[in-house]
Amino acid sequence: MLRSMITAANTMAQLQQQLDVISNNIANSNTAGFKRRETSFGELLAQQFANLPQDEAPRLTPNGLRYGVGARLAETNIVLKQGAIMQTDRPLDVALTKEGQFFRVLIQGENGTQEIGYTRAGAFYLTPSAGNQNVLMLVTSDGNPVLDENNAPIWLPNGYKDIEISDNGTITATAPDGRIMRRVNIGVTSILRPQLLQSAGNNIWTLPDFNALNVNAADVAVNMTGNLRAQIGMTQGALEQSNVDLGTELTDMMITERSYQLNARSISISDQMLGLINGIRSS
Numbered sequence: 008m009l010r011s012m013i014t015a016a017n018t019m020a021q022l023q024q025q026l027d028v029i030s031n032n033i034a035n036s037n038t039a040g041f042k043r044r045e046t047s048f049g050e051l052l053a054q055q056f057a058n059l060p061q062d063e064a065p066r067l068t069p070n071g072l073r074y075g076v077g078a079r080l081a082e083t084n085i086v087l088k089q090g091a092i093m094q095t096d097r098p099l100d101v102a103l104t105k106e107g108q109f110f111r112v113l114i115q116g117e118n119g120t121q122e123i124g125y126t127r128a129g130a131f132y133l134t135p136s137a138g139n140q141n142v143l144m145l146v147t148s149d150g151n152p153v154l155d156e157n158n159a160p161i162w163l164p165n166g167y168k169d170i171e172i173s174d175n176g177t178i179t180a181t182a183p184d185g186r187i188m189r190r191v192n193i194g195v196t197s198i199l200r201p202q203l204l205q206s207a208g209n210n211i212w213t214l215p216d217f218n219a220l221n222v223n224a225a226d227v228a229v230n231m232t233g234n235l236r237a238q239i240g241m242t243q244g245a246l247e248q249s250n251v252d253l254g255t256e257l258t259d260m261m262i263t264e265r266s267y268q269l270n271a272r273s274i275s276i277s278d279q280m281l282g283l284i285n286g287i288r289s290s
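Just so you know, we're using my numbering here: the sequence shown kicks off at 8 and counts up by one.
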């Protein structure tokens, strides 16, 4: 009885984590550039009890009894499937139209240092520079500076008339008289191994220490510079919507909740059986 209760309790803890992932997906179903996460389960170590001296034909499985101790959440993977493109006609809204490509932004790390983050959310804004009112800095909705192809914050001159962003991410700011005031390339990175991305919150991701993982940086992420910029897919005046399918998420939630209830019921029944056993012993 105790084994069945422990097995159910182990699985319930993992199912709760799956519910948290599904709930986060649903909560961000209207978040621009959000990428859903999906979970997969694996079996925990099983214990084998040998109860037969030799093989029995035509048995196809090994002899003995195998007792499992529940399931565990094996993986939580990010799904980079392209989201729908919504036209906004706002000049500073930019949608990435190819899977695996991310804008580079500057964020505050855990220890207070600045580091590069990656996001698909292309709702950008211009804010005056702290030291120069004639310069406007391109930032995200959370105020994180957007980086150019050289990982420097993108700035534009104050007093521009129009901003055009090409399909390969080149920003061109023109003056009222038509002359070009500034031209700069938005920093874009192609992530080749998205499962290494680590969530930094606010729809931003970071990459781990490649040396600690003993992997080559070029095998994980490629900065789109030079001739590679021709492979960038970008649309001005639009935003990429979340790739969350509410129907799928709600179905997964119901299945997970039923599994949770089943394991909770297993604990309840085991407790009742233990009560009956204790009652027999005391009578």
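Positions of the beta carbon are idealized from the N, C-alpha and C atoms, including for glycine.
If you're wondering where the values come from, they're calculated on a predicted model, not measured in any experiment.
Item: So who's on the other strand from Ile123, going by DSSP bridges?; Value: Leu113
Item: On the DSSP letters alone, give me the boundaries of the alpha helix (DSSP H) that Arg10 sits inside.; Value: 9–34
Item: Hey, is the stretch 173–184 in contact with the stretch 87–98, meaning 3+ C-beta pairs nearer than 8 Å?; Value: no
Item: Is DSSP giving Thr232 helix, strand or coil here?; Value: coil
Item: In the DSSP assignment, find the unbroken beta strand (DSSP E) run with Asn158 in it and report its ends.; Value: Unbroken run through Asn158: none, as it is neither H nor E.
Item: Got a sec, what are the start and stop residues for the beta strand (DSSP E) Leu145 sits in?; Value: 142–146
Item: Distance, Cα to Cα, Ile187 vs Ile85?; Value: 40 Å
Item: Restricting to runs no shorter than 3 residues, where is the beta strand (DSSP E) found entirely within the stretch 152–204?; Value: 162–164, 169–172, 177–181, 187–192, 195–198
Item: Could you say which of Gln25, Gly107, Glu106, Glu122 lies nearest to Leu80 if we only look at CA atoms?; Value: Gln25
Item: Would you mind working out which of Gln115, Asp149, Arg190, Asn158 sits nearest Asp169, comparing C-alpha positions?; Value: Arg190
Item: For Pro98, I'd like the list of residues in its chain whose CB is within less than 6 Å of its CB, leaving aside the five on either flank, ordered along the chain.; Value: Ile170
Item: Pick out whichever of Met12, Leu163, Asn192 has its Cα sitting closest to the Cα of Ser173.; Value: Asn192
Item: With 16 other CB atoms within 10 Å as the buried threshold, where does Gly49 fall?; Value: exposed
Item: Go through its chain and collect everything with a Cβ distance to Thr232's Cβ below 6 Å, but skip five positions before and after it.; Value: Glu156
Item: Determine whether the beta carbon atoms of Ala128 and Thr104 lie at a separation below 8 Å.; Value: no
Item: Roughly how many angstroms separate the alpha carbons of Ser249 and Gln205, rounded to a whole number?; Value: 18 Å
Item: With 16 other CB atoms within 10 Å as the buried threshold, where does Met280 fall?; Value: exposed
Item: Pull up the distance between the alpha-carbon of Thr242 and that of Ser273, whole angstroms please.; Value: 53 Å
Item: Classify Leu283 as helix, strand or coil using the three-state DSSP reduction.; Value: helix
Item: With respect to the alpha helix (DSSP H) encompassing Asn218, which residues constitute its N-terminal and C-terminal limits?; Value: 217–220
Item: Okay, do the stretch 210–230 and the stretch 113–126 touch, 3+ Cβ pairs below 8 Å being the bar?; Value: yes
Item: Taking the DSSP output, what are the residues bridged to Phe41?; Value: None, per the DSSP bridge assignment.
Item: Does the structure place the stretch 14–32 close enough to the stretch 136–150 that three or more beta carbon pairs sit under 8 Å?; Value: no
Item: Kindly list the residues whose CB is nearer than 6 Å to the CB of Met260, restricted to its own chain and excluding five residues on each side of it in sequence; keep chain order.; Value: Ile29
Item: Compute the beta-carbon to beta-carbon distance between Arg200 and Leu154, rounded to the nearest angstrom, for a pair I have assumed lies under 8 Å.; Value: Contact flag wrong, Cβ pair sits at about 21 Å.
Item: Specify the secondary structure class of Gln137 as computed by DSSP and reduced to three states.; Value: Gln is not the amino acid found at residue 137; the sequence shown has Ala there. Coil at Ala137, not helix or strand.
Item: Once you ignore the five residues that flank Gln21 on each side, which residues in its own chain have a CB closer than 8 Å to its CB?; Value: Phe48, Gly77, Ala78, Arg79, Leu80
Item: For Glu256, I'd like the list of residues in its chain whose CB is within less than 7 Å of its CB, leaving aside the five on either flank, ordered along the chain.; Value: Ile29, Asn32, Ile33
Item: Would you kindly report the start and end of the unbroken beta strand (DSSP E) that includes Leu103?; Value: 101–103
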